[in-house]
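**Student:**
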Amino acid sequence: MGSRQRYRLRTAGGREVIREIEPGRSYVDEETGEPFEVVGKIVPLEPSPSDLPYAVEHLRLCGCSLEQLVQKDLNDCPHCGRRLPALEG
Ligand SMILES: [Zn+2]
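The numbering used here numbers the first residue of the sequence shown as 2 and each following residue consecutively.
#1: Are the stretch 55 to 74 and the stretch 15 to 31 touching by the rule of at least three beta carbon pairs closer than 8 Å?
#2: Alpha carbon to alpha carbon, how far is V29 from C63?
#3: From this set, V44, R9, D77, G14, which residue's C-alpha is nearest I22's C-alpha?
#4: Do you know how far the Cα of P36 is from the Cα of E58?
#5: What span of residues does the beta strand (DSSP E) with G41 cover, start to end?
#6: Where does R40 land, buried or exposed, given buried means 16+ other C-beta within 10 angstroms?
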């Protein structure tokens with residue numbers, strides 16, 4: 002309850018957003034005017050999938066357009082659901 006299903010949307014030009022969508026409605030990229038296509042469903046995650054404290058030394062950018070900080074021990078971005086690259090070293 003409360004948390005609605007979010008989807009990953011992508012334009013033909015490759016721009017992506019994550020958002021909730023309403024069935025039957027179409028979405029358009031406001032910057033390019035391209036229509037968005039639904040390319041994936043965002044899987045809800047546990048509230049706290051990381052064992053690390055949310056402190057800057059344990060965080061890195063997830064690398065997606067949302068530019069969210071995520072804990073380094075996570076395999077998937079909790080914000081966009083994207084697989085995170087392996088850490089160097
Ligand atoms: Zn992300």
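Don't be surprised by glycine CBs; every beta carbon is placed ideally from N, CA and C.
**Tutor:** Well, looking at it:
#1: In this structure the stretch 55 to 74 lies against the stretch 15 to 31, because at least three pairs of beta carbons, one per stretch, are closer than 8 Å.
#2: Rounded to whole angstroms, the separation of the alpha carbons of C63 and V29 is 25 Å.
#3: Of the candidates V44, R9, D77, G14, the one whose C-alpha sits nearest the C-alpha of I22 is R9.
#4: Straight across, the Cα-Cα distance linking E58 with P36 is about 39 Å.
#5: Where G41 is concerned, the enclosing beta strand (DSSP E) stretches over 38 to 42.
#6: With the sequence shown as reference, residue 40 is identified as Val, and Arg is not the correct amino acid for it. So V40 ends up on the exposed side.
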